[in-house]
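Worksheet for the structure shown next.
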Amino acid sequence: MTNTYEVNDANFDRKVIEQSKETPVIVDFYANWCMPCQILGPLLEKVVESYEGKVALAKCNVDDSRESASKHGVRGIPSVKMIKNGEVVDEFTGALPEEEIKGWIDKNI
Amino acid sequence: MTKEYDLIIVGAGPAGMTAGIYAGRYMLNTLILGMLPGGMITESHKMCNFPTYEEISGTEFSQKLFKQVQNLGVKVSPEQVENIEKVGENSNDKEEFKIKTSSNEYIAKKVIIATGTEKNKLNVPGEKEFLGRGVSYCATCDAAFYKDLAGGVVGGGDAALSSALLLSEYANKVYVIYRKDKFRKANASWIKQAEEKENIEFVFNAVPKEIYGGEGKGVKGLELEDGRKIDLEGIFVEIGATPEQKLSKEMGLETDEKGFIKVNKKQETNFEGVYAAGDITDNPLRQVVTAAGQGAVAAHMAYETITKENN
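Chains as they are written, first to last, in our numbering: chain A, 9 to 117; chain Z, 112 to 422.
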């Protein structure tokens with residue numbers, strides 16, 4: 009089963025907030041026109057898959073899900089937030105190399 | 112296992128990508144290492160001076176460039192280069208280069224450095240803390256998040272004014288915050304367009320002191336050195352850029368006093384087998400069109416040299 013899935017305003021609470029009470033969830037706020045998002049997205053997916061279910065990746069398109077982005081204070085993309093037990097515990101903005109993503113996940117799960 | 116290439120290009124902006132196009136067409140086994148295909152031009156609202164395009168957004172240009180490179184079979188890998196060193200000699204008694212990234216090691220016959228410049232920071236309290244939550248270095252990427260809010264652009268050059276114009280399409284108020292008493296470097300057409308916008312206000316003699324916000328929230332305002340406070344939710348920083356100097360310093364590449372790598376007409380550096388192209392060089396005009404031209408020359412010279420060495 010893939011650990012990466014799309015989320016939107018309608019299911020954000022269930023698939024991110026509620027799910028994060030079981031497993032940490034990384035939310036990738038992105039847009040299709042954003043070049044750094046196009047680089048970061050596949051890297052995040054690859055790294056998250058290597059954690060074999062210990063962490064999930066929820067991808068949230070900010071153009072389609074403005075309410076979720078606004079509610080979480082997103083004012084720049086790509087914006088990546090680690091959610092545990094319904095709370096944001098860490099975040100970063102911009103594309104990072106693979107090793108730095110791994111280090112960030114290790115620090116937070 | 113260490114992967115071997117004819118040519119490794121460090122940097123994926125217009126210089127590095129054009130070098131990739133030429134190298135791909137010369138059938139050189141080529142790898143481009145860079146975190147952002149398109150580089151800094153991806154952040155440009157619009158570009159109006161590239162031949163064949165009367166107007167094109169930085170994002171669209173970068174996507175076309177990326178696709179063109181990929182269609183030629185040249186791989187672009189999102190890796191940050193940590194160091195480059197000369198190692199041993201290959202079968203043709205020529206030295207090679209070892210390129211180390213955070214996740215891999217590569218060997219290349221020739222290297223092109225096209226790492227460009229990095230945007231200058233304000234270096235004031237709040238800048239790091241509110242990155243992505245009100246502080247941005249790219250209006251093209253983030254202006255839309257400020258619909259009906261107040262925003263500010265710090266800087267007084269073309270990039271600052273074009274960012275302010277873009278931001279004014281979304282924000283209800285835009286402050287252009289500049290340390291001098293009038294615009295001195297900006298192109299007159301950008302100044303005129305900004306003056307004509309009702310929701311743009313110029314704040315001169317203004318030096319930022321601190322970006323402040325609420326606990327756990329985004330930006331609430333900017334305090335200036337003279338005590339003035341500006342209420343705003345977003346700050347875009349456009350105060351120029353400086354060359355990436357880590358690699359050039361470690362390798363001992365000759366630079367000018369500002370850190371731009373010195374190159375000759377063949378884009379050669381003082382380090383045999385290492386070429387440089389684009390904004391990282393001491394070229395007097397830093398534009399996409401000149402970066403592309405330099406990238407083409409660098410790839411051509413690398414190709415000629417590799418061909419001679421192989422014969």
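Glycine residues also receive a C-beta, built at the ideal position from the N, C-alpha and C atoms.
Quick caveat, the model's predicted, so the values are computed rather than measured.
For residue i, return the contacting residues in chain Z, with the cut-off set at a CB-CB distance below 8 angstroms.
i	result
M90(A)	By Cβ distance, chain Z contributes nothing, its closest Cβ being about 14 angstroms from M90(A), past 8 angstroms.
L51(A)	P189
What does residue i pair with, by DSSP beta-bridge criteria?
i	result
N194(Z)	K211(Z)
I167(Z)	M158(Z)
M90(A)	I34(A), D98(A)
G332(Z)	Y323(Z), D342(Z)
S67(Z)	With chain Z running from 112 to 422 in the structure shown, residue 67(Z) is simply not present.
N69(A)	Y38(A)
F313(Z)	V287(Z)
L242(Z)	V246(Z)
E361(Z)	Per DSSP, none; premise fails for E361(Z).
T353(Z)	E229(Z)
A219(Z)	Y116(Z), F208(Z)
V385(Z)	V222(Z)
T12(A)	L65(A)
T366(Z)	I372(Z)
V265(Z)	I288(Z), V348(Z)
T425(Z)	In the structure displayed, chain Z extends from 112 to 422; residue 425(Z) sits before or after that span and is not available.
E379(Z)	Y386(Z)
V235(Z)	V235(Z) is not bridged to any residue.
V121(Z)	L144(Z), I224(Z)
If I'm right that residue i touches residue j with Cβ under 8 angstroms, what's the distance once you round it to whole angstroms?
i	j	result
V180(Z)	I143(Z)	7 angstroms
I113(A)	V35(A)	About 13 angstroms separates the two Cβ atoms, so there is no contact after all.
I119(Z)	Y217(Z)	6 angstroms
G102(A)	G329(Z)	No, G102(A) and G329(Z) are not in contact; Cβ-Cβ is about 17 angstroms, not under 8 angstroms.
T251(Z)	G184(Z)	At roughly 30 angstroms, the Cβ-Cβ gap does not stay under 8 angstroms, so T251(Z) and G184(Z) are not in contact.
E415(Z)	T228(Z)	With a Cβ gap of about 28 angstroms, E415(Z) and T228(Z) do not count as contacting.
Given that residue i touches chain Z, what residues does it touch there, using C-beta distances under 9 angstroms?
i	result
V82(A)	G243, R244, F256
T87(A)	A small fix is needed here, since residue 87(A) is Ser in this sequence, not Thr. In chain order: G243, R244.
Could you list which residues in chain A have their beta carbon closer than 9 angstroms to that of residue i, in chain order?
i	result
S213(Z)	P105, E106, E107, E108
G149(Z)	M43
S247(Z)	R83, G84, T101
G324(Z)	Residues of chain A passing the Cβ test: none, with the nearest at roughly 10 angstroms.
K328(Z)	G81
T153(Z)	C42, M43, P44
Quick one: is residue i buried, meaning 16 or more other Cβ sit within 10 Å of its Cβ, or exposed?
i	result
F177(Z)	buried
D367(Z)	exposed
M9(A)	Because the pLDDT of M9(A) is 49, which lies under 50, any placement of that residue in the model is unreliable, and the number read from its coordinates should be weighed accordingly. Its Cβ having fewer than 16 others within 10 Å, M9(A) is exposed.
P50(A)	exposed
K23(A)	buried
G406(Z)	buried
M138(Z)	exposed
G338(Z)	exposed
E99(A)	buried
V198(Z)	exposed
S58(A)	exposed
M362(Z)	buried
D423(Z)	Residue 423(Z) cannot be examined here, being either before or after the span of chain Z that is shown, 112 to 422.
K376(Z)	exposed
L315(Z)	At residue 315(Z) the sequence reads Phe, which differs from the Leu that was named. The residue is exposed, with fewer than 16 neighbouring Cβ atoms inside 10 Å.
G122(Z)	buried
A409(Z)	buried
Could you work out which residues of chain A lie near residue i, taking near to mean beta carbons separated by less than 7 angstroms?
i	result
M146(Z)	I47, A103, P105
T380(Z)	Within chain A, no residue comes near T380(Z); the closest Cβ sits about 25 angstroms away, beyond 7 angstroms.
S173(Z)	M43
G345(Z)	R83
Which residues of chain Z have a Cβ atom closer than 7 angstroms to the Cβ of residue i, listed in chain order?
i	result
W41(A)	T170
L65(A)	Ordered by position in chain Z, no residue passes the 7 angstroms Cβ test against L65(A), which lies about 17 angstroms from the chain.
List the residues of chain A that residue i touches, going by C-beta distances under 8 angstroms, in chain order.
i	result
D253(Z)	R83, G84, I85
G266(Z)	None at all; the shortest Cβ gap to chain A is about 18 angstroms.
K230(Z)	The contacting residues do not exist; K230(Z) stays about 12 angstroms from chain A at best.
At least three beta-carbon pairs within less than 8 angstroms, the region 212-225 of chain Z to the region 179-190 of chain Z: The region 212-225 of chain Z is in contact with the region 179-190 of chain Z.
Given 8 angstroms, three or more beta-carbon pairs between the region 282-291 of chain Z and the region 260-270 of chain Z: Yes: the two stretches touch, three or more of their Cβ pairs being nearer than 8 angstroms.
Does the region 331-349 of chain Z come into contact with the region 264-282 of chain Z, if we say contact requires no fewer than three beta-carbon pairs (one atom in each stretch) closer than 8 angstroms? A contact exists between the region 331-349 of chain Z and the region 264-282 of chain Z.
Any contact between the region 240-257 of chain Z and the region 338-345 of chain Z? By contact I mean 3 or more CB pairs, one from each, below 8 angstroms. Result yes; three or more Cβ-Cβ pairs closer than 8 angstroms.
Does the region 125-145 of chain Z come into contact with the region 101-112 of chain A, if we say contact requires no fewer than three beta-carbon pairs (one atom in each stretch) closer than 8 angstroms? With the cut-off at 8 angstroms, the region 125-145 of chain Z and the region 101-112 of chain A do not touch.
For the region 229-243 of chain Z and the region 385-398 of chain Z, state whether three or more C-beta atom pairs, one from each stretch, are separated by less than 8 angstroms. Segments in contact, no.
If you pair each beta-carbon of the region 364-378 of chain Z with each one of the region 294-304 of chain Z, do three or more pairs fall below 8 angstroms? Not touching, per the Cβ criterion.
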